[in-house]
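Taking it in order: structure first as structure tokens, then the write-up.
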Amino acid sequence: MSVAIYIAVMAAVTYLIRMIPFTFFRKKIKSRFFKSFLYYIPYAVLSAMTIPAIFYCTGSIPTAIAGTAAAVVLAYFNLPLIVVALAAAGTAFLTGLFM
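In my numbering, the protein residues as written are 15 to 113.
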């Protein structure tokens, strides 16, 4: 019975999160500042969720820094995501072997 209550609460919260913007913003948003603010929210949220996981997943800060540095450098050169991910994981692994 408690699982059903948890699911109902999660459904209500999810619905409210999606419904509230539609009820408050009926007209098109014209403010340049507010539009740019809304544009960058997904990137900020993704970064806030990803960065802590990057530094705690390896169990070693130096390996996490090495993998992150490799990913940033390769992403700067617009390499495909699979290349960046594999190179970052490989760099973290090799750094862990030598530390």
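All C-beta atoms in this analysis are idealised placements derived from N, C-alpha and C, irrespective of residue type, glycine included.
Keep in mind that this is a model prediction, so the values were computed, not measured.
Check whether residue i and residue j have beta carbons under 8 Å apart
i      : j      : result
Thr105 : Ala84  : yes
Thr77  : Gly110 : yes
Val43  : Lys49  : Reading the sequence as shown, one finds Ile at residue 43 and not Val. Contact: yes.
Ser74  : Met24  : no
Residue i beta carbon near the ligand ZN (any heavy atom closer than 7 Å)
i     : result
Lys42 : Looking for the ligand ZN in the displayed structure turns up nothing, as the structure carries no ligands at all.
Nearest-angstrom beta carbon gap, residue j and residue i [assumed within contact, 8 Å]
i      : j     : result
Leu108 : Val98 : So it is not a contact: roughly 16 Å between Cβ atoms.
Chain B contact for residue i (CB, 8 Å cutoff)
i     : result
Ala99 : Protein chains in the displayed structure number just one, and chain B is not present.
Three-state secondary structure assigned by DSSP to residue i
i     : result
Ile65 : helix
Arg32 : helix
Met24 : helix
Ser45 : coil
Phe39 : coil
Alpha helix (DSSP H) runs wholly inside the segment 65 to 105, at least 4 long, in chain order: 75 to 90
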